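Presented below is the structure to which this report refers.
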Amino acid sequence: MRREPLRIGKIGYANVWPLFWHFNPHSVGVPVEIVEKVPAELNADLAAGRIDMAMISSWAYARDFDRYFLFPDLSISAFGRVRSVLLFHRKPLEEVARGTVALTTSSATSVHLLDLLLVRLYGGRPAYVTLEPHLDDMLRRADAALLIGDDAIRAAWSARGCEITDLAERWTAWTGRWMTFAVWAVREETARERPEEVETVFRALQESKRKGSSDRGLIVRCACETFGGDERFWREYFDGLCYEFSENQQEGLSYFYRSASELGLLPADIPLRMWNASERASAGRRVKPCG
Numbered sequence: 001m002r003r004e005p006l007r008i009g010k011i012g013y014a015n016v017w018p019l020f021w022h023f024n025p026h027s028v029g030v031p032v033e034i035v036e037k038v039p040a041e042l043n044a045d046l047a048a049g050r051i052d053m054a055m056i057s058s059w060a061y062a063r064d065f066d067r068y069f070l071f072p073d074l075s076i077s078a079f080g081r082v083r084s085v086l087l088f089h090r091k092p093l094e095e096v097a098r099g100t101v102a103l104t105t106s107s108a109t110s111v112h113l114l115d116l117l118l119v120r121l122y123g124g125r126p127a128y129v130t131l132e133p134h135l136d137d138m139l140r141r142a143d144a145a146l147l148i149g150d151d152a153i154r155a156a157w158s159a160r161g162c163e164i165t166d167l168a169e170r171w172t173a174w175t176g177r178w179m180t181f182a183v184w185a186v187r188e189e190t191a192r193e194r195p196e197e198v199e200t201v202f203r204a205l206q207e208s209k210r211k212g213s214s215d216r217g218l219i220v221r222c223a224c225e226t227f228g229g230d231e232r233f234w235r236e237y238f239d240g241l242c243y244e245f246s247e248n249q250q251e252g253l254s255y256f257y258r259s260a261s262e263l264g265l266l267p268a269d270i271p272l273r274m275w276n277a278s279e280r281a282s283a284g285r286r287v288k289p290c291g
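Following this line, the structure appears as structure tokens:
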């Protein structure tokens, strides 16, 4: 009997292009179905079981870590500038931290990273409103606006009279650590019930990432045609993103979780339950948060 395809969530932003560009669902070797949405929607779909695996917000993983495994070597991370998680503001951050901030409806990790920075670095407790990601409308109702992904990139090109703070750059300057915005999570029941198929998808993603990293010329040109901007911008943008999830990225993410837990935003210990291909996802490996 033919099995249902594995439903794979894909973030609908340019930042995943180097990872997905060479991932052909028709040649993976197992039946798959791609579901493309913004991060917040993929977070909800994975939690509800409407999809089997996806690159989701690292914050969404923390909320439901006991239900997921994480793929090794796959993330969206940055050490310093990320260029697509941006706070637009017309007042100094010290004032923004005591004012009102408009949040995008598209994110989870970025929202909590912003809250952490404003509380810990600037001693504030801002009021938040959640709005559709349209910069002018957001700034009419708030002192600052948080945008992510393609929305942030476009807004940065056209914003006038705004200071722009790159949240990943501010995080790294403060902590000296990586910031991981998204992780690849697979539902535990899927990993246990269909381990061979999960492994096949993982290998296909690894190969797609390898090809996308080795030659980005076509990806850069397509980004220019789709969004505007020049090749230099897009090369720097993609070069600034890291798709690995090795020890440095894991330590940075664990530190982020620990910092959030100190503010009461998360439980005290969020383990990184790593999917292990050699063991057919039989167990999750805990990674001790760094301190």
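My numbering applies: residue 1 is where the sequence shown begins, and numbers increase by one.
Note that the Cβ used here is the ideal one computed from N, Cα and C, for glycine as well.
This structure is a prediction, so every number in the text was calculated from the model and none was measured.
Sequence-distant residues of its chain with Cβ nearer than 7 angstroms to residue i (five each side left out)
i, result
"Ala142", "Thr100, Val101, Ala102, Val129"
"Ala14", "Asp150, Ala223, Phe227"
"Thr200", "Val28, Gly29, Val30"
"Ala168", "Ala78, Gly80, Arg81, Val82, Val85, Met179"
C-alpha gap between residue i and residue j, whole angstroms
i, j, result
"Asp52", "Ala40", "16 angstroms"
"Arg160", "Leu117", "24 angstroms"
"Gly212", "Gly229", "20 angstroms"
"Ala204", "Arg81", "29 angstroms"
"Arg98", "Ala144", "11 angstroms"
"Val111", "Thr104", "8 angstroms"
Buried or exposed by the 16-neighbour rule on C-beta atoms within 10 Å, applied to residue i
i, result
"Glu263", "One detail in the question is off: residue 263 reads as Leu in this sequence, not Glu. Counting Cβ neighbours within 10 Å, Leu263 comes out exposed, since fewer than 16 surround it."
"Pro72", "buried"
"Leu272", "buried"
"Ala48", "exposed"
"Ser246", "exposed"
"Leu218", "exposed"
"Lys209", "buried"
"Ala54", "buried"
"Asp215", "exposed"
Where the alpha helix (DSSP H) through residue i begins and ends
i, result
"Gly212", "195-214"
Same chain only: Cβ atoms within 6 angstroms of residue i, ignoring 5 sequence neighbours per side
i, result
"Leu131", "Ala102, Met138"
"Ala155", "Leu135, Leu147"
"Trp17", "Ile219"
"Asp64", "Ala47"
Bounding residues of the beta strand (DSSP E) (the contiguous stretch that carries residue i)
i, result
"Phe88", "85-89"
"Arg125", "It is not in any beta strand (DSSP E) - Arg125 carries neither H nor E in the DSSP assignment."
"Ala54", "53-57"
Short CB-CB distance (under 8 angstroms) between residue i and chain B
i, result
"Leu46", "Here chain B cannot be found, since the structure has a single protein chain."
Close Cβ partners of residue i (< 8 angstroms) along its chain, the five nearest in sequence each way excluded
i, result
"Val32", "Pro5, Leu6, Arg7, Ile8, Pro25, Val201"
Only counting runs of 4 or more residues, tell me where the alpha helix (DSSP H) segments fall wholly within the stretch 135-205, in order along the chain. 135-141, 149-158, 167-175, 188-193
Runs of 3 residues minimum, wholly inside the stretch 9-51: which ones carry the beta strand (DSSP E) assignment? The stretch 9-51 is shown to contain whole beta strand (DSSP E) runs of 3 or more residues at 32-37, in chain order.
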